[in-house]
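So the structure is just underneath, and the comments pick up after that.
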Amino acid sequence: MYCYAYLLEHNWRYVFLNDEQVKRYRISEKKALSLYQLMKDTHELLGKNNINYWIEGGTLLGAVRHQGIIPFDDDLDIGIMHEDEIHLQQILPQFEQLGYRVKHNKIYVICGERCLNIFVFHKENDKFVHFNQSMRNKYPNDFFYDYELYPLKKYKFGSIEVYGPSEYKEHLNRQYLEWDKYVIIYSPHSLHLPFLSNIKKKTKFILTPELLKPAQPLGPLEDKVNIVNSATFIGMCEDMAYN
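Everything in the sequence shown is counted per UniProt numbering, starting at 1 for the first residue and increasing by one.
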């Protein structure tokens, strides 16, 4: 039986989890490690290929509030500009070289044990908005003013650093109700744990010191990008010597 303390107010359920409950319902260590590894590999691959990106959505919220992955989250979100999309398409095989699967429909999805979503943005009037209209309709508050997005800056994310928007407060305030006070279930994909399966969207988890800790462990993480690059370079040299 899953027991927790809560109160109802204005149709919202406010849930308080004790430290043991928080620890029990975090994503597994295996999932956390695979997400941090995927973020590290993506950061390094995009950087190596001069593609600017920023962390998006729940990943940005995790970096700001938890300095890592939200303990209940199970994927990653980043954004790129439309002018970098062709370049991204050209380097997708490099993700496959690292053992990831690549999907593309309305967004780009890089999957290993867990998945990273790449959303494409462009500038429209005075805002950076989703390039895909269906994504824009789905996430109407997910946009940036120029001063909010640029210049990109680094955020602590577990044991690594990642790029994010210059100013985050107004953007997060548009997207997430009282994000600095509560963890709130917004998306069905977050309801992947036995405890959460019966909790509907109108639920706020009261932030506690334990709940503010990021998903763990933070490492160790492999240096996969450099290892694959070195192996590819050695293979090319061997082919040249043979020829």
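Yeah, the Cβ is synthetic: ideal placement off N, Cα and C, and Gly gets one too.
Judged by their CB atoms, Gly158 and Pro214 are nearer to each other than the 8 Å cut-off. In this structure Ile91 does not touch Asn52 by the C-beta definition: roughly 13 Å separates them, more than the 8 Å allowed.
Within the same chain, no residue comes within 7 Å of Lys138 by CB-CB distance, once the 5 residues on both sides are set aside. Following the DSSP letters along the chain, one finds Asp19 inside the alpha helix (DSSP H) bounded by residues Asp19 to Tyr25.
The region 153-183 contains, as complete beta strand (DSSP E) runs of 3+ residues, the segments 153-157 and 160-164 (chain order).
Membership of His122 in any alpha helix (DSSP H) is not indicated; the residue belongs instead to the beta strand (DSSP E) covering Cys115 to Glu124. Collapsing the DSSP output to three states places Phe205 in a strand. The distance from the Cβ of His43 to that of Val162 is about 5 Å, consistent with a contact at the 8 Å cut-off. Contact annotation, Val64 with Tyr150: C-beta distance approximately 17 Å; criterion of less than 8 Å not satisfied. Spanning the alpha carbons of Asp223 and Phe205 requires a straight line of approximately 36 Å.
For the pair of segments examined, the region 89-104 was found not to touch the region 167-181: the number of CB pairs separated by less than 8 Å stays below three.
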